[in-house]
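Read the structure below first, then the notes.
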Amino acid sequence: MNSIKKRPYLLFLTLIVILLSFGFYKRNETIDINIHDTYFVISWMYALIIISFIYGLLGLIYFTLLKLKFKLINWVTITHVLVSIIGLFAIFILSKLIRESVPGDFTKLIDDIDFNQKIGFGIWFSVFTVIGIQLLFFINVIYALIKGRF
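Dropping the structure here:
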């Protein structure tokens, strides 16, 4: 926990390397995001580049604030970093659990639909948690800027 407080940007940098490596490995595959009746289709590479850019900005802000000796709230920093990273992995893991339905067995089809709906709720909960935790990050940054150095 102490290293998270002192160098949270290193965790984001490590995550960026992992995400970009995976994105370039899966460059020809696509991910489809279903929101009600609309499907958004994007390449893994482009999706992970966008996510890496966002996490890179977070890491850069942490790096800048810590190098300029601004005082951050420790528990907020730890919570933000852990939820941001674990939440992202939860989204990817849950998306791999979605079952593909095979036509023919109606009971299995209904069970798969129910299971996929629960996984979908878990994914959306994780997405909203990761997005919501960014509010905590901005509160921490604003606090550090108002409080000043040391």
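For the sequence shown, the numbering used here begins at 1116 and goes up steadily by one. Note that CB positions come from ideal geometry on N, CA and C, so glycine has one too. Keep in mind the model is a prediction, meaning the values are calculated, not measured.
Using a Cβ distance threshold of 8 Å, residue 1167 and residue 1131 count as a contacting pair. Take residue 1175, set aside five residues on each side of it, and the residues of its chain with a beta-carbon closer than 8 Å to its own are 1124, in chain order. Residue ranges of uninterrupted alpha helix (DSSP H) with 4 or more members, entirely inside the region 1153-1224 and ordered along the chain, are 1159-1182, 1189-1211. CA-CA distance, residue 1237 to residue 1204, rounds to 12 Å.
In the DSSP annotation of this structure, residue 1143 is not part of any alpha helix (DSSP H), being labelled neither H nor E. Apart from the 5 residues on each side of it in sequence, residue 1255 sits with its Cβ closer than 8 Å to the Cβ of 1187, 1188, 1191, 1192, 1195 in its chain, given in chain order. Of all alpha-carbon atoms in 1229, 1162, 1198, 1219, the one lying nearest the alpha-carbon of residue 1212 is that of 1229.
Residue 1239 and residue 1215 have their C-alpha atoms some 19 Å from each other.
Looking from the CA of residue 1127, the closest CA among 1198, 1226, 1139 belongs to 1198. Taking the C-beta atoms as reference points, residue 1163 is found nearer than 8 Å to residue 1135. When rounded, the separation of the alpha-carbon atoms in residue 1159 and residue 1141 is 6 Å. By the neighbour-count criterion, in which a residue is buried when 16 or more other Cβ atoms sit within 10 angstroms of its Cβ, residue 1241 is buried.
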